[in-house]
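I have placed the structure first, in the form of structure tokens, so that the comments after it can refer back to it.
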Amino acid sequence: MKKLWGGRFTASAEEWVDEFGASISFDQELVLEDIQGSIAHATMLAKCGIIAAEEAETIIAGLNTLKEKAEKKELQYSTKYEDIHLNIEHLLTELVGPVGGKLHTARSRNDQVATDMHLYLREQVKEIENLINEFQVSLVEKAEKHVETIMPGYTHLQRAQPISFGHHLMAYFWMLERDKQRFKGALERINISPLGAGALAGTTFPIDRKYSAELLGFNGIYENSLDAVSDRDFILEFMSASSIMMMHLSRFAEEVILWSSQEFRFIELDDTFATGSSIMPQKKNPDMAELIRGKTGRVYGGLMSLLTILKGLPLAYNKDMQEDKEGMFDTVKTVKGSLKIFAGMVETMTVNEESMKDSVTKDFSNATELADYLAAKGMPFREAHEVVGKLVLHCIQKGCYLADLPFHEFKEASSLFKEDIYEALNPYNAVVRRNSAGGTGFSEVSAQIKKGKLLLGQG
Ligand code: ARG
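Residue numbers 0 to 458, in numbering that gives the first Met the number 0, belong to the letters of the sequence shown in order.
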């Protein structure tokens with residue numbers, strides 16, 4: 000079989016070797032971007048007088064026909080043509096005749112593939128931003144309903160201080176807000192054009208790179224042709240932002256898993272996002288949350304893989320770089336799927352307010368309140384900490400909680416204690432009063448929610 004680049008070769012390659020080198024099985028995902036890039040390139044070639052206007056018209060009409068077929072999934076690809084670029088060129092030439100061969104003037108597959116991936120990621124990142132927004136909407140809506148729902152806050156997974164459940168949810172809102180900013184930042188560098196860098200050194204043809212960049216909606220062009228074809232930072236940035244975001248989702252997933260266990264009973268997942276066991280009839284498993292936690296691993300893997308692929312590559316293009324695609328596609332799919340599932344899971348979960356409240360009344364997470372009470376009355380905090388520590392120990396030995404102690408026992412511990420101590424021990428009061436900026440006090444949580452909604456354009 001004669002290759003499109005076969006001029007210099009005498010022996011034709013063997014099929015099994017071709018298959019190893021081919022990327023068409025996965026890079027066909029880029030078909031629409033490839034056609035879009037080619038249309039811009041042909042338009043530019045004609046505008047610069049490098050090919051005739053009629054030739055460009057023929058080529059572009061052919062590309063549009065291929066585009067329609069691609070959208071209907073009617074194109075037949077072959078590993079004989081290695082990758083999406085050569086497959087499209089082959090199909091185009093079949094369709095419009097030898098003039099199709101003029102499309103590749105002043106271009107190389109090296110700037111072509113880079114262009115395709117820039118175009119592809121640009122659209123995907125925009126979609127991901129929208130999905131983050133949707134997830135943030137479900138978080139804000141849930142948080143709004145639970146500003147005054149009290150739950151134990153944890154450090155070391157030990158009950159620490161009571162907090163508002165809305166506050167807890169909003170913590171994830173802000174993580175996702177940073178994630179979104181990271182994607183937005185990456186987008187700036189994704190949205191520049193490598194097209195016209197040629198194989199590595201530019202071209203002798205009088206092309207207009209800025210014009211083709213403009214046609215493709217890019218914000219600018221790479222300043223250096225070697226950099227343009229060897230750069231994959233834009234994918235790495237996307238993958239780093241994705242990894243950090245998946246780490247957030249994974250932490251949240253872990254909490255969802257804990258909260259829906261019999262030990263916590265803080266939430267119940269909607270049946271849509273849970274599964275049963277094939278042997279234990281009582282089970283309701285948080286599979287989707289577990290899967291998201293698990294899938295975080297493959298997203299990290301994609302990042303590590305690409306960093307490793309690129310490390311040590313001399314400039315400019317090397318075939319190693321063909322390995323950049325599958326991880327990128329996989330990350331896009333995983334991130335989009337995880338965001339969608341998580342948003343639905345949060346939206347539909349039932350919050351067991353009673354069980355949360357129960358947990359904060361039967362524990363020592365109000366001990367800080369007691370120490371703060373003494374400190375507010377002038378006792379140095381360290382001393383107050385000691386006094387309360389002893390009271391906690393006393394309770395443990397007695398088998399009760401702080402609020403169960405009779406007043407005279409408080410009095411014996413410190414004369415600063417007054418009858419209003421029981422007010423301070425009420426977990427609701429402990430939360431409502433924590434109104435330092437960004438704290439869990441109800442008015443602060445409401446303020447956060449308001450800011451969040453403003454950011455989402457719901458102000
Ligand atoms: N399929 C190739 C890739 O994805 C396209 C670029 C090929 N360029 C080349 N000089 N062999 O990297």
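Backbone N, C-alpha and C fix where the C-beta goes; we use that ideal spot for every residue, glycine too. Computed from a predicted model, the values in this text were never measured in an experiment.
Could you tell me how far apart the beta carbons of residue i and residue j are, in whole angstroms, since I believe they sit closer than 8 angstroms?
i    : j    : result
R181 : I243 : 7 angstroms
A185 : V124 : 7 angstroms
L455 : V139 : 7 angstroms
K410 : L130 : Actually they do not touch by this definition, with Cβ atoms about 57 angstroms apart.
L29  : G61  : About 18 angstroms; that fails the 8 angstroms criterion.
M150 : F265 : 7 angstroms
L225 : A142 : With 8 angstroms as the limit, L225 and A142 do not qualify as a contact, their Cβ atoms being about 49 angstroms apart.
F134 : F363 : Not confirmed; about 35 angstroms, so no contact.
T333 : E267 : The pair is not a contact, with the Cβ atoms about 26 angstroms apart (cut-off 8 angstroms).
L415 : E368 : Actually they do not touch by this definition, with Cβ atoms about 14 angstroms apart.
F263 : L257 : 6 angstroms
In whole angstroms, what separates the C-alpha of residue i from that of residue j?
i    : j    : result
H84  : Q447 : 49 angstroms
M320 : K452 : 42 angstroms
A196 : E236 : 22 angstroms
T360 : A159 : 12 angstroms
V255 : N109 : 45 angstroms
A272 : K282 : According to the sequence displayed, residue 272 carries Phe and not Ala. Between F272 and K282, the C-alpha separation is close to 13 angstroms.
M279 : D286 : 15 angstroms
M303 : L309 : 10 angstroms
E81  : E88  : 11 angstroms
L215 : G36  : 7 angstroms
M462 : S445 : Because the chain is modelled from 0 through 458, residue 462 falls outside the range shown and cannot be assessed.
R188 : A200 : 21 angstroms
K46  : D115 : 22 angstroms
W173 : G165 : 13 angstroms
R432 : G377 : 19 angstroms
N284 : D178 : 28 angstroms
K450 : S413 : 42 angstroms
G458 : S137 : 15 angstroms
A370 : D329 : 52 angstroms
E408 : E385 : 15 angstroms
D207 : N223 : 15 angstroms
May I ask which residues mark the beginning and end of the alpha helix (DSSP H) holding residue i?
i    : result
R188 : F164 to I189
I395 : F380 to K397
G461 : The first residue shown for the chain is 0 and the last is 458, placing residue 461 beyond what the model contains.
How far does the beta strand (DSSP E) with residue i in it reach, from first residue to last?
i    : result
Y421 : That residue, Y421, is in no beta strand (DSSP E); its alpha helix (DSSP H) goes I420 to L424.
Can you tell me which of the three DSSP states residue i falls into?
i    : result
P97  : helix
G6   : helix
I243 : helix
E346 : helix
T64  : helix
R158 : strand
I234 : helix
G152 : strand
E267 : strand
S337 : helix
I278 : coil
Runs of alpha helix (DSSP H) wholly within the region 9-38 (minimum 4 residues, chain order):
14-20 and 23-26
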